[in-house]
Structures are given as structure tokens and as C-alpha cells.
Amino acid sequence: MKRRDEMRIESYRERAVRSRRRRERELKKTRFILMNAAIALVVILIVFVVAIIKLNGKGNSGSKDYTQENIKKKDTKKAKKPVMTATPAPTKKAVTQNTGVGAKKWIRTDLDKDKPMIALLFDDGPYTPVTSKILKVLKKYDSRATFFVVGNRIQTYKEVLKESYDMGNQIGSHTYDHEDLSKKNKKQLISEMRKTNRELRSVIGCNATLIRPPYGNISDLMRKVIKIPMMYWSVDTDDWKWRNTAKILAECKNVKDGDIILMHDLYPSTANAVKKLVPRLRKKGYQLVTIDELFYYKGIKAKAGKVYASGRK
Numbered sequence: 005m006k007r008r009d010e011m012r013i014e015s016y017r018e019r020a021v022r023s024r025r026r027r028e029r030e031l032k033k034t035r036f037i038l039m040n041a042a043i044a045l046v047v048i049l050i051v052f053v054v055a056i057i058k059l060n061g062k063g064n065s066g067s068k069d070y071t072q073e074n075i076k077k078k079d080t081k082k083a084k085k086p087v088m089t090a091t092p093a094p095t096k097k098a099v100t101q102n103t104g105v106g107a108k109k110w111i112r113t114d115l116d117k118d119k120p121m122i123a124l125l126f127d128d129g130p131y132t133p134v135t136s137k138i139l140k141v142l143k144k145y146d147s148r149a150t151f152f153v154v155g156n157r158i159q160t161y162k163e164v165l166k167e168s169y170d171m172g173n174q175i176g177s178h179t180y181d182h183e184d185l186s187k188k189n190k191k192q193l194i195s196e197m198r199k200t201n202r203e204l205r206s207v208i209g210c211n212a213t214l215i216r217p218p219y220g221n222i223s224d225l226m227r228k229v230i231k232i233p234m235m236y237w238s239v240d241t242d243d244w245k246w247r248n249t250a251k252i253l254a255e256c257k258n259v260k261d262g263d264i265i266l267m268h269d270l271y272p273s274t275a276n277a278v279k280k281l282v283p284r285l286r287k288k289g290y291q292l293v294t295i296d297e298l299f300y301y302k303g304i305k306a307k308a309g310k311v312y313a314s315g316r317k
């Protein structure tokens, strides 16, 4: 009898141990599930926050909005040798070239074709805090430039875009989303062009007559589909990289007649550099012109689908 009781007690103990171990396993399993759920929740929150930040960036809202600033720049690649087609040089009393809607604003007929010319080219805008400062300098020194704008920024900064256009500066396309066009199919290419032109027409009443492909990448398909000339540059200031006025100016130290100088109207350092660069160039006798003016007076007839990097033949 005693032996039977001892066995019963031992059985209870074993069951208690097994039960405790089972509970411990279940507790560990529960902890593991909760821990993974917590990690998943944190990941979801991070993704959500990043998505909100990106959406805010695309909407160009906020006082310090550098939408394209965080895009990895490939624009530092050296421009390929452009294909150019020459036409007879115009006389001083040349008639305004009719290259498309809006072109009458982009070619002044009272410039001196015998004096050197340089075209300033600004990408990634408009961005009022910087673009407006550049416009003030251009106006002060009777100069013009070409602004290649990003379509998804136009409505947010439409006032400064309209001001730029009304001053006679040329407005070109830098696409709608600032994506690599060389990776797009025909339908996507057409969409990028149409969306940007739609935004431009709503503000300045005309389409772009030039395009600067983001990252400087150009495919054979782009040459066939894009029905306007494509632009490169002959002097890259690397202003997006330096963010330093002195270094930007140093890149422009050896400019010459016919150069196209690439900058970006997103950075305060660029506006400061323009404030010093423009009067220096004017003092040296340079006329600061739009791309259309440069080509017109240098006798270059730009063709759709071809790439141009300067005003030299």
C-alpha cells in the first residue's frame, strides 16, 4: 500500500514536471511570436514614415524642399561629343527665329553676334528661395539663362517660373519625375514629355522646345521618340556636390565663347556663385544668353533627337 502511494506521488511529480516544461515551452513560443510581431510592427512603422517623407518630398511642400537634392547625380559624366548641323550665320538685324511656341521670348535680335556668348543652364528647379535670387542677378546685368524644370515641381513654384519666363529666360524640360529616360519604353517617354508640357502650358502657355535628360543618359529610343533637341553641357560646375561658392566659381575660371555652363537652382551656394559670376563674365565682355540665342547667333540649327553640348561648331 505504501509502495503504491509512493508510485502515485511520483507519478504526480512527473506530470507536474511535464506540465511545467510544457508551460515553459509555450511561454517561450509566445515570447518568440510577440518579439517577431514587435519587430514587424517597427519595420512597418519605419516603412510608413519613409513613405510619408517621400510623398512630402514629391509634393514639394515645406519651406526647405530639395526634392532632387537627394537623387544620386550621374550628371558628372563628361558630355558626349554633340552632333551639330550648321546654317549660315545671321546678321545683326536677324529676324526672330520661330522654333516653337514661346520662342519669340527666347531670342533677342539686338545682340552683337561678334561678341562672345555664354549660356547658363539651370537644372532641377524651380525652387523659389534660390531661383528668385538668380533671376534678380540676371535682370540686374541684362542677362538671360535657360532653366530646365522638373514637371512635378511646377505647380508648387509656379509664380517664380512665370516670372522667369516673363523676363525672357528660356524654359526647357528636365522631365516630370527626374527619372532615367534611357530605361523607359516609348509609352513612358511620351508620358514624361506630355505631363511636363501640360504643367508648363498651365503656367507659361507654351511647351518646352529643349530637354535635358536626367543623369545625362540617352538611348537610341530617346533619339527617335523625343521630338526636340537634347542638351548636354561643356562646363560642369558640380555645384550639387561642392555646395561651396568658391569651388563653383573655380570651375568657371577658364570658360570661353560658346560654353554652356551647368548649374542647379536648388542650392543657396549656387545663387551666391551666380551673384559673383555674372558680373565677372559681363565685365569680360560676355553676353549671357539663352540656348536658343546661343545657337541662333552661332549659326547652329538644332535638330530633334540630337544632342548638343556647346555653341561651337
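In our numbering, the protein residues as written are 5 to 317.
We put the CB at the ideal spot given by N, CA and C, even for glycine.
Beta-bridge pairing of residue i - partner residues as DSSP gives them
{"i": "D127", "result": "F152 and H268"}
{"i": "S177", "result": "V153 and I215"}
{"i": "M39", "result": "According to DSSP, M39 bridges with nothing at all."}
{"i": "I122", "result": "L292"}
{"i": "M197", "result": "Its beta-bridge partners do not exist; DSSP assigns none."}
Under 8 Å between C-beta atoms of residue i and residue j
{"i": "W237", "j": "L270", "result": "no"}
{"i": "I175", "j": "L204", "result": "yes"}
{"i": "I215", "j": "M235", "result": "yes"}
{"i": "V164", "j": "P120", "result": "no"}
{"i": "T150", "j": "N173", "result": "yes"}
{"i": "Y161", "j": "T179", "result": "no"}
{"i": "S186", "j": "S223", "result": "yes"}
{"i": "V134", "j": "P233", "result": "no"}
{"i": "L292", "j": "L124", "result": "yes"}
{"i": "F299", "j": "G309", "result": "no"}
{"i": "Q262", "j": "K288", "result": "According to the sequence provided, residue 262 is Gly. The question's Gln does not apply to it. No, these two residues do not count as a Cβ contact at 8 Å."}
{"i": "D184", "j": "N156", "result": "no"}
Buried or exposed by the 16-neighbour rule on C-beta atoms within 10 Å, applied to residue i
{"i": "R25", "result": "exposed"}
{"i": "P217", "result": "buried"}
{"i": "V259", "result": "buried"}
{"i": "N40", "result": "exposed"}
{"i": "S206", "result": "exposed"}
{"i": "A277", "result": "buried"}
{"i": "A44", "result": "exposed"}
{"i": "F36", "result": "exposed"}
{"i": "I158", "result": "buried"}
{"i": "K84", "result": "Unreliable placement is indicated for K84, whose pLDDT of 42 sits below 50; the coordinate value is still reported in the next sentence. K84 is exposed by the Cβ-count criterion."}
{"i": "K109", "result": "buried"}
{"i": "F152", "result": "buried"}
{"i": "I295", "result": "buried"}
Nearest-angstrom Cβ-Cβ length linking residue i and residue j, presumed shorter than 8 Å
{"i": "I264", "j": "V282", "result": "The pair is not a contact, with the Cβ atoms about 15 Å apart (cut-off 8 Å)."}
{"i": "A250", "j": "I138", "result": "Contact doesn't hold; Cβ gap of about 18 Å is too wide."}
{"i": "Y290", "j": "I50", "result": "Incorrect: roughly 51 Å between the Cβ atoms, too far for contact."}
{"i": "I208", "j": "Y169", "result": "4 Å"}
{"i": "L193", "j": "L142", "result": "With 8 Å as the limit, L193 and L142 do not qualify as a contact, their Cβ atoms being about 32 Å apart."}
{"i": "R286", "j": "Y145", "result": "5 Å"}
{"i": "D128", "j": "V154", "result": "6 Å"}
Simplified DSSP state of residue i, which is helix, strand or coil
{"i": "Y312", "result": "strand"}
{"i": "V293", "result": "strand"}
{"i": "D243", "result": "helix"}
{"i": "I304", "result": "strand"}
{"i": "I222", "result": "coil"}
{"i": "M171", "result": "coil"}
Near the ligand FAD: residue i beta-carbon under 7 Å from a heavy atom
{"i": "D240", "result": "Only the bare structure without any ligand can be found here, which leaves the ligand FAD out of the picture."}
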